[in-house]
Amino acid sequence: MGEMTLSLRAAAYLAEMRESIGSRIRSTIGGDTGAMAAALVTDEERAIGRETVEVLRAAGLAHVLAISGMNMVLVTGTFLVGARTLLSLVPGLAERLPIKKMAAAGALLMVLLYILISGGAVSALRSWIMISIMLLAVFFDRVSISLRNVALAALVIIAWTPSSVAGPGFQMSFAATLALVAGYARWRDHRAGNRERALTRSALRPAGNLVVGTVATSLIGGLATAIYAAAHFHRLPAYGLAANVVATPLIGILIMPFGLFAMLLMPFGLEHYPLMVMAQGLDWMLEVARYVAALDGDWATGRVGEVGFVSIAFGGVLLCVLRTRLAFAGFGLVLLGGTAIALERQAEHPSIAISEDGRLVGLISDESIATNRPRPPHFVFSQWQRALALEKHAPPVAATATVDDIRASAAEARAILASVKPGVFHCRKGEWCVGRSREGWAVVVIDAADFFPALCGGADLVIAATRRPLADCPAGGALVVTGEMLRRSGSIEIHAEPAGAGEPARMRIVESFPSTQRPWQRHRRYDWRSGTFSSE
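Right, here's the structure in full:
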């Protein structure tokens with residue numbers, strides 16, 4: 001191997017530093033608490049126990065582990081305020097030099113080091129761009145926290161990674177930021193109009209502001225991101241707001257500031273005591289998460305329709321951006337979106353769902369989801385359950401007879417298919433699964449390609465996960481879904497459309513990616529065997 005380039009050497013140095021910092025934090029604190037502390041600095045979450053991750057998710061606190069907007073803002077704000085305070089203590093310095101800009105320059109350098117040490121995940125880079133723009137505004141004597149800077153950060157990120165616009169990270173991050181900045185602007189205007197009255201209030205005002213600010217921040221952020229959480233994850237933690245209200249002061253006062261102090265003192269070997277304070281804050285946060293998770297308040301929202309989603313999202317933007325009474329039009333759009341979602345939830349479920357790799361197929365009824373695998377992949381299947389608001393799982397029935405011959409096995413499959421009731425699969429492991437949808441469609445899942453010619457003739461739908469070319473179907477009447485098709489389309493749903501009187505319902509396919517023409521979708525048409533892109 002030749003010599004490493006400068007960029008590779010820099011990347012290797014940063015990876016080594018990242019591993020060293022994570023190891024020192026974990027060895028100092030230990031356990032899941034130490035793993036969480038290391039994750040907040042290096043974004044390395046693999047050492048955190050699965051049970052702890054699940055507890056945080058159930059309590060609505062899983063976002064704390066991601067190096068994203070909230071964590072970066074807390075670290076940057078702590079450094080900015082601390083640096084400016086220290087500089088102001090130097091006699092005469094504030095009169096001679098712009099200490100605010102000096103503190104902003106230090107914060108800009110610090111947040112750059114943070115993004116480098118954390119590995120540069122997409123969510124962290126998005127937050128870094130946003131915070132950097134706000135810090136740069138200080139150098140031009142502009143207001144840092146403004147809707148203009150939020151819009152500028154969004155434009156930079158869209159130009160850099162346009163595909164991120166459709167992802168939950170971009171949508172939830174900017175929805176929360178937009179709502180919080182708009183809320184802060186309104187609070188600032190209100191405070192300016194009541195400045196004289198504020199001078200006569202009690203000395204308890206700072207404590208009251210802390211409580212009100214914490215509750216308001218959690219409430220505004222939770223409401224702003226609720227529609228996006230429901231649309232992408234199909235669930236909302238019922239007690240997530242309460243958990244965040246309690247956890248936010250711990251994160252903002254103990255966890256992130258003392259994590260920053262530990263990193264600043266680590267080169268001198270003095271990180272122990274700040275890490276102990278950080279660990280105490282994390283332990284208390286975990287106690288809150290366990291208590292809230294034990295309440296078992298996950299609310300499955302089901303799928304959110306496009307009309308309702310767009311109406312609520314656009315209404316929220318109007319509420320934040322407009323400063324006149326026209327902003328109340330946003331309330332109307334939010335109400336319209338809520339009504340549309342309620343009506344769309346009454347629509348029928350799809351009849352059949354097929355995963356992106358074709359290895360998981362679900363027959364969907366009003367009560368359950370029947371699958372071709374006794375233990376379906378948890379992530380995919382749990383998404384189906386939440387999206388369809390169906391918790392009941394109907395596992396497949398194993399074929400009882402022992403058959404070694406392909407013809408005999410195929411004959412058994414045809415016999416089962418002729419008499420099977422809708423809503424359940426019958427399977428022979430590694431060979432085939434057969435079942436009927438609620439409309440009576442005969443569904444065959446081929447696990448071994450040799451069974452395709454023998455079973456496709458009597459089926460209405462055949463799913464074969466293989467990407468190899470299949471033999472021709474003798475009867476030729478079945479709809480065939482192959483792994484090659486799914487590679488381009490993503491997972492698909494099949495809906496029933498009414499036909500003429502006395503005719504069976506027709507199949508309507510809904511693809512995850514109806515088109516692959518976007519630059520970030522073209523990889524789905526790439527054929528690694530020929531090294532070319534196939535046609536649409």
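Numbers 1 to 536, taken from UniProt numbering, label the letters of the sequence shown in order. We treat Cβ as the ideally placed atom computed from N, Cα and C, and that holds for glycine.
Item to check | Those residues which DSSP pairs with Ser368 across a bridge | outcome: Lys392.
Item to check | Runs of beta strand (DSSP E) lying entirely within the segment 411-461, each at least 3 residues, in chain order | outcome: If we require 3 residues or more, the beta strand (DSSP E) runs fully inside the segment 411-461 come out as 425-428, 432-436, 442-446.
Checklist entry - If we count the other Cβ atoms within 10 Å of its Cβ and call it buried at 16 or more, is Val90 buried or exposed? => result The C-beta of Val90 has fewer than 16 other C-beta atoms within 10 Å across all chains shown, which makes the residue exposed.
Item to check | Rounded C-alpha distance that separates Ser118 from Asp460 | outcome: When rounded, the distance between both Cα atoms is 51 angstroms.
Next on the checklist: Mapping the DSSP letters down to three states, classify Ile509 as helix, strand or coil.
Outcome noted: Strand, per DSSP.
Next on the checklist: Spatial neighbours of Glu45 within its chain, please: C-beta separation below 8 angstroms, excluding the five flanking residues on both sides.
Outcome noted: So the qualifying residues of the chain are Ala35, Ala39, Val53, Leu65.
Item to check | Under 9 angstroms between C-beta atoms of residue 537 and Gly430 | outcome: No information on residue 537 is available, as it lies outside the stretch 1 to 536 that the chain covers here.
Checklist entry - Mind checking whether Met130 and Ala105 have CB atoms under 9 angstroms apart? => result Contact flag unset, no.
Checklist entry - Thinking just about the alpha-carbon of each residue, which of Trp284, Leu479, Gly308, Leu135 is nearest to the one in Thr339? => result It is Gly308 whose Cα lies nearest to the Cα of Thr339.
Checklist entry - Alpha carbon to alpha carbon, what distance is there between Gly167 and Leu333? => result Distance between the alpha carbons of Leu333 and Gly167 is about 22 angstroms.
Next on the checklist: Considering only DSSP beta bridges, list what His495 is partnered with.
Outcome noted: According to DSSP, which records beta bridges pairwise, His495 is partnered with Arg508.
Item to check | Among Gly92, Pro504, Pro514, the one whose alpha carbon lies nearest that of Gly490 | outcome: Check the Cα spacing between Gly490 and each of Gly92, Pro504, Pro514: the tightest is with Pro514.
Next on the checklist: How far does the beta strand (DSSP E) with Ile253 in it extend, from its first residue to its last?
Outcome noted: Element bounds for Ile253: n/a, residue is neither H nor E.
Checklist entry - Where does Leu74 fall in DSSP's three states? => result It is helical.
Item to check | Neighbourhood of Pro274 by C-beta, 7 angstroms cutoff - its chain only, sequence neighbours within 5 removed | outcome: Cβ neighbours of Pro274 beyond the five flanking positions: Phe258, Phe261, Ala262, Leu265.
Next on the checklist: Can you look up Gly490 in the DSSP assignment and give me helix, strand or coil?
Outcome noted: Note: Gly490 maps to coil in three-state DSSP.
Checklist entry - Where does Leu89 sit, in a helix, a strand or coil, going by DSSP? => result Here Leu89 sits in coil by DSSP.
Checklist entry - Quick one: what does DSSP say Phe328 is sitting in, helix, strand or coil? => result The answer is helix: DSSP assigns Phe328 an H, G or I state.
Checklist entry - Going by other Cβ atoms of all chains shown within 10 Å of its Cβ, with 16 needed for buried, is residue 545 buried or exposed? => result What the structure shows of the chain is the stretch from 1 to 536, and residue 545 is not part of that stretch, so it cannot be assessed.
Checklist entry - Using the rule of at least 16 other Cβ atoms within 10 Å of the residue's Cβ for burial, across every protein chain shown, is Val445 buried or exposed? => result Burial call: buried.
Item to check | Endpoints, beta strand (DSSP E) assigned at Trp284 | outcome: From DSSP, Trp284 is part of no beta strand (DSSP E) but of the alpha helix (DSSP H) over 272-294.
Item to check | 7 angstroms CB neighbourhood of Asp43 in its chain, flanking five on each side removed | outcome: Hits under 7 angstroms: Ile67, Ser118, Gly119, Ala121, Ala124.
Item to check | Which of helix, strand or coil DSSP assigns to Gly308 | outcome: Of the three classes helix, strand and coil, the one that applies to Gly308 here is helix, per DSSP.
Checklist entry - CB His349 to CB Ala370, shorter than 9 angstroms? => result Contact flag unset, no.
Item to check | Where the beta strand (DSSP E) containing Thr482 begins and where it ends | outcome: For Thr482, the uninterrupted beta strand (DSSP E) run begins and ends at 479-482, by DSSP.
Checklist entry - From which residue to which residue does the alpha helix (DSSP H) around Ala15 run? => result First-last of the alpha helix (DSSP H) with Ala15: 6-29.
Item to check | Stretch pair the segment 280-294 + the segment 91-111: three plus CB contacts closer than 8 angstroms | outcome: No, the segment 280-294 does not touch the segment 91-111.
Checklist entry - Excluding the five sequence neighbours on either side, which residues of its own chain have a C-beta within less than 8 angstroms of the C-beta of Ile416, listed in chain order? => result Answer for Ile416: Ala399, His426, Val434, listed in chain order.
Item to check | Nearest neighbour of Leu455, chosen from Glu391, Ile115, Arg407 [CA to CA] | outcome: Ranking Glu391, Ile115, Arg407 by Cα distance to Leu455 puts Arg407 first.
Item to check | N-terminal and C-terminal residue of the beta strand (DSSP E) that Ala104 is part of | outcome: Residue range 99-117 is occupied by the alpha helix (DSSP H) that includes Ala104, with no beta strand (DSSP E) assigned at that position.
Checklist entry - alpha helix (DSSP H) containing His57: first to last residue? => result The residue you asked about is not His; residue 57 is Arg in the sequence shown. 50-58 is the span of the alpha helix (DSSP H), which, as asked, contains Arg57.
Checklist entry - Based on the DSSP output, what are the partners of Ile463 in its beta bridges? => result Val445, Val481.
Checklist entry - Beta carbon of Leu155, beta carbon of Ala224: below 9 angstroms? => result Going by C-beta atoms, Leu155 is not nearer than 9 angstroms to Ala224.
Checklist entry - If you run the structure through DSSP and keep just helix, strand and coil, what is Tyr228? => result Look at Tyr228 here: in three-state DSSP terms it is helix.
Item to check | Rounded straight-line distance, which links the Cα of Glu271 to that of Ile21 | outcome: Each residue's Cα considered, the two are about 11 angstroms apart.
Checklist entry - Smallest Cα separation from Arg506: which of Ile48, Ser146, Ile494, Gly315? => result Nearest C-alpha to Arg506: Ile494.
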